[in-house]
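Going left to right, the sequence shown walks through residues 15 to 112 as the numbering used here numbers them. C-beta: ideal position from N, C-alpha, C; glycine also. Read the structure below first, then the notes.
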Amino acid sequence: MAFAVRSVNYQNNRMLNICDVDLVGRIVKQSDLEINISQSYYADRIVEEQEAETLLKNSSIINMVGRQTIDLSIRIGIGSAKGVKEIEGVPFLLVFKF
15 MAFAVRSVNY
25 QNNRMLNICD
35 VDLVGRIVKQ
45 SDLEINISQS
55 YYADRIVEEQ
65 EAETLLKNSS
75 IINMVGRQTI
85 DLSIRIGIGS
95 AKGVKEIEGV
105 PFLLVFKF
């Protein structure tokens, strides 16, 4: 399973943008909400599940989009199903760990 990721240091924290690789390039909209799942924001590189898991565990701020990505985060105890929202059937989740 592959994931698109972009990791940056932001105010002494590691920020991770991660999504299901098949969502890169999509724009999802619902009412006044819109997510542009752009390559420049989410897809600096493509990683396999083991590296995605390590990145999720070692990041303080995480912006996730996609069912596979969120399922992985919940399975390893990073995300919570209660915080998941959907736009056009595409789930997204933000996590802040401090």
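Measuring alpha carbon to alpha carbon, tell me which residue in the options is nearest residue i.
| i | options | result |
| --- | --- | --- |
| GLU63 | ALA18, GLN25 and PHE110 | ALA18 |
| GLU48 | LEU30, PRO105, SER54 and ILE84 | PRO105 |
| ARG121 | ASP36, ILE76 and LEU107 | Any property of residue 121 remains undetermined from this structure, which presents the chain solely from 15 to 112. |
| LEU69 | GLY80, LEU30, LYS111 and ASN26 | LEU30 |
| GLN44 | VAL38, GLU100, PHE112 and GLY80 | GLU100 |
| GLN53 | MET78, ASP46, GLY39 and ASN26 | GLY39 |
| PHE112 | LYS96, ASP85 and GLN25 | GLN25 |
How should residue i be labelled, buried or exposed, when 16 other C-beta atoms within 10 angstroms of its C-beta is the threshold for buried?
| i | result |
| --- | --- |
| ASN23 | exposed |
| ASN72 | exposed |
| GLY80 | buried |
| MET78 | buried |
Quick one, are the C-beta atoms of residue i and residue j less than 7 Å apart?
| i | j | result |
| --- | --- | --- |
| ILE51 | THR83 | no |
| ARG28 | SER74 | yes |
| LEU108 | VAL98 | no |
| VAL35 | GLU102 | no |
Three or more C-beta pairs closer than 8 Å, one from the segment 50 to 65 and one from the segment 87 to 97: is that the case here?
No: fewer than three Cβ pairs fall under 8 Å.
Secondary structure, beta strand (DSSP E): runs of 3+ residues fully inside the segment 37 to 76
You should have 41 to 44, 47 to 50 and 59 to 62.
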